[in-house]
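Student: Input: one structure, supplied below.
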Ligand code: F3S
Ligand code: F3S
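Numbering (full-length UniProt numbering), first residue to last: 2 to 106.
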């Protein structure tokens with residue numbers, strides 16, 4: 002799967018959403034999250050993010066390694082919604098992100 006990391010927090014450009022062929026990039030309150038089971042590893046999202054927040058799972062910089070768990074566990078309560086558009090933005094974040102002071106301002 003691909004992973005969204007810290008540069009997205011409080012930025013949420015959303016350019017990635019338009020590129021994803023399976024609509025598996027979901028909006029939280031402060032960042033977006035890629036569904037690890039719905040992502041088909043097409044990689045289309047990665048180059049379009051203007052702040053370079055998206056990485057293949059094996060290429061996540063060490064300083065942002067915990068964002069792997071944040072992307073995966075964001076979906077603990079959501080399951081496999083089968084599409085971000087129909088689910089809509091969520092008024093919550095993974096606890097790691099929710100606890101951060103304002104980022105990337
Ligand atoms: Fe975030 Fe970049 Fe997408 S800022 S919403 S990962 S285009
Ligand atoms: Fe979509 Fe990016 Fe995966 S475009 S299928 S989230 S690699």
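Ideal Cβ placement from N, Cα and C applies to all residues, glycine included.
Verify the contact flag: residue 3, CB atom, against every heavy atom of ligand 2, threshold strictly below 7 Å.
Tutor: Flag set: Cβ of residue 3 near ligand 2.
Student: I want to check one thing, is the minimum distance from the CB of residue 44 to the heavy atoms of ligand 2 below 7 Å?
Tutor: Under cutoff, so the answer is yes.
Student: With a CB to CB cut of under 8 Å and the five nearest residues on each side skipped, what residues in its chain are close to residue 99?
Tutor: The answer, listed in chain order, is 30, 31 and 93.
Student: Please enumerate, following chain order, all residues with a beta carbon closer than 6 Å to at least one heavy atom belonging to ligand 1.
Tutor: The filter returns 5, 9, 12, 13, 14, 15, 16, 17, 33, 50, 52, 54 and 55, in chain order.
Student: State the start and end residues of the unbroken beta strand (DSSP E) segment that holds residue 28.
Tutor: It spans 26–28 - the beta strand (DSSP E) in which residue 28 sits, taken as one unbroken run.
Student: Identify, in the order they occur along the chain, each residue of the same chain with its Cβ nearer than 7 Å to the Cβ of residue 38, setting aside the five sequence neighbours on each side.
Tutor: Here the set comprises 81.
Student: Starting from residue 69, follow its DSSP beta bridges and name the residues at the other end.
Tutor: According to DSSP, which records beta bridges pairwise, residue 69 is partnered with nothing at all.
Student: Alpha helix (DSSP H) containing residue 88: first to last residue?
Tutor: Unbroken alpha helix (DSSP H) run through residue 88: 85–88.
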